Amino acid sequence: MLKKIVCIIGAVAIFILAVGCSSEPQKPKLGVSFGVGGATRWVKEKQFMEDRAKELGADITVRFNTTDTPKTWREDCFELIDSGINVLIMIPRDLRQVDDIVDYAKKKNVKVVSYSRAILNPQTDLFIGYDTYKIGQNLGKHLSERVYKGNFIVLKGDKGDFNTHFLYNGANKYIEPMVGTGVNVILNDYVPGWSADTAKEMVKKAVIANDMKLDAVLCPNDGLAGGAAAAVQELGLKNHVIIVGMDAELAAVKRLVAGTQDATVYMDLKNMASAAVDQAVALAKGEKVTANSEIANEKGEKIKAYLITGEMVTKENIDKILIESGYYTKEQVYGNN
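For the sequence shown, position 145 (counting from the first letter as 1) is numbered 145 according to full-length UniProt numbering, and the numbering increases by one without interruption.
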């Protein structure tokens, strides 16, 4: 009898342990595809995401793809979806090639968060990025307040990145009214692949075709701003050309100090990257996401969005915005002198 009781107790204990183990919540599984270029910001954001996932106890797998070799960013996305993730955070290289990825994710019951580059497929669960329209307005306003007449160049980034359209539309609110009242836009075009070298050659060609005169260049990132600054230097232009960009890359900040770039835009990348992981974990748990805005595609279909606006950085406020915040050190910006 005693032996029978012991067996029953043992069986009950095993059952309780089994139930207890099966009821333990599964870790959220996140997959991140970076289909990006060589901008330094992406390396930082990758680390921020990994750090935040660790803090939240989530599993995270990151595919960081800058060259599409040996696999393409699209292959990365499909493989991540097939690996059993709950949420895919995607920074696509080409926004024209995402619909089948989103559709496949939905078939596999995987949530989709577009990060930094807005995917306008209505099945996207959330977009997290910067308010490029507002940033474009700020850049356009900055130019309009510093250059009242002369030759302008507007570089619009890669055509496949919808962010460049939003930024251009925002900037154009200030630039377009100036056209015909002293401002002549000598180049207004996309830069394939966000290539700084291509931007440099485009700027040089436009300036040479317009009597070697240039007064301002609007760039949607600091890489293209660097290409524009290199073009100005190689052409030997003597006048001060106002060049604006965004991302607050260290090379750009050094150009602010040197006077070869006039402004950039700083976004709190840690905040944005951490927010992406926070929202992805919420989606994995079936919770509501936090959205402070919406974006719409050409059909008027709306996608929830969490947007940040960033801050304009000039030579005068580098210390306050970038150094006091700990984003860069004085030594990084100014050297050891």
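Yeah, the Cβ is synthetic: ideal placement off N, Cα and C, and Gly gets one too.
All values derive from a computational prediction rather than experimental measurement.
Starting from residue i, follow its DSSP beta bridges and name the residues at the other end.
{"i": "residue 65", "result": "35"}
{"i": "residue 115", "result": "128"}
{"i": "residue 264", "result": "313"}
{"i": "residue 154", "result": "188 and 218"}
{"i": "residue 175", "result": "According to DSSP, residue 175 bridges with nothing at all."}
{"i": "residue 196", "result": "Residue 196 pairs with nothing; no bridge assigned."}
{"i": "residue 306", "result": "128"}
{"i": "residue 296", "result": "302"}
{"i": "residue 202", "result": "For residue 202, which the question treats as bridged, DSSP gives no partner whatsoever."}
How is residue i classed by DSSP in three states: helix, strand or coil?
{"i": "residue 328", "result": "coil"}
{"i": "residue 246", "result": "coil"}
{"i": "residue 134", "result": "helix"}
{"i": "residue 291", "result": "coil"}
{"i": "residue 85", "result": "coil"}
{"i": "residue 59", "result": "strand"}
{"i": "residue 232", "result": "helix"}
{"i": "residue 30", "result": "strand"}
Are the C-beta of residue i and some C-beta of chain B separated by less than 9 Å?
{"i": "residue 181", "result": "This model lacks chain B altogether; it includes just one protein chain."}
Please classify residue i: is it buried, with 16 or more other beta-carbons within 10 angstroms of its beta-carbon, or exposed?
{"i": "residue 335", "result": "exposed"}
{"i": "residue 293", "result": "exposed"}
{"i": "residue 327", "result": "buried"}
{"i": "residue 65", "result": "buried"}
{"i": "residue 338", "result": "With the chain covering only 1 through 337, there is no way to say anything about residue 338."}
{"i": "residue 68", "result": "exposed"}
{"i": "residue 284", "result": "buried"}
Where residue i and residue j are concerned, what is the direct C-alpha to C-alpha distance, given to the nearest angstrom?
{"i": "residue 97", "j": "residue 291", "result": "25 Å"}
{"i": "residue 57", "j": "residue 116", "result": "24 Å"}
{"i": "residue 306", "j": "residue 81", "result": "23 Å"}
{"i": "residue 90", "j": "residue 239", "result": "42 Å"}
{"i": "residue 132", "j": "residue 204", "result": "27 Å"}
{"i": "residue 234", "j": "residue 196", "result": "14 Å"}
{"i": "residue 277", "j": "residue 269", "result": "12 Å"}
{"i": "residue 124", "j": "residue 213", "result": "45 Å"}
{"i": "residue 163", "j": "residue 146", "result": "25 Å"}
{"i": "residue 60", "j": "residue 158", "result": "29 Å"}
{"i": "residue 165", "j": "residue 298", "result": "12 Å"}
{"i": "residue 126", "j": "residue 300", "result": "16 Å"}
{"i": "residue 189", "j": "residue 288", "result": "40 Å"}
{"i": "residue 324", "j": "residue 54", "result": "27 Å"}
{"i": "residue 46", "j": "residue 206", "result": "37 Å"}
{"i": "residue 245", "j": "residue 314", "result": "11 Å"}
Ignore the nearest five residues each way along the sequence and tell me which others in residue i's own chain have a CB closer than 6 Å to its CB.
{"i": "residue 184", "result": "151"}
{"i": "residue 260", "result": "229"}
{"i": "residue 105", "result": "81, 88 and 112"}
{"i": "residue 385", "result": "It is not possible to answer for residue 385, since the shown part of the chain is limited to 1 through 337."}
{"i": "residue 302", "result": "294 and 296"}
For residue i, which residues from the same chain have a beta carbon less than 8 Å from its beta carbon, with the 5 sequence-adjacent residues on both sides left out?
{"i": "residue 254", "result": "333"}
{"i": "residue 84", "result": "29"}
{"i": "residue 200", "result": "227, 228, 230, 231 and 234"}
{"i": "residue 41", "result": "247, 249 and 269"}
Residues in its own chain within less than 7 Å of residue i by CB, not counting five upstream and five downstream?
{"i": "residue 312", "result": "138, 142, 263 and 265"}
{"i": "residue 128", "result": "113, 115, 272, 275, 276, 279 and 306"}
{"i": "residue 367", "result": "Nothing about residue 367 can be read from this structure; the chain reaches only from 1 to 337."}
{"i": "residue 27", "result": "57, 58 and 59"}
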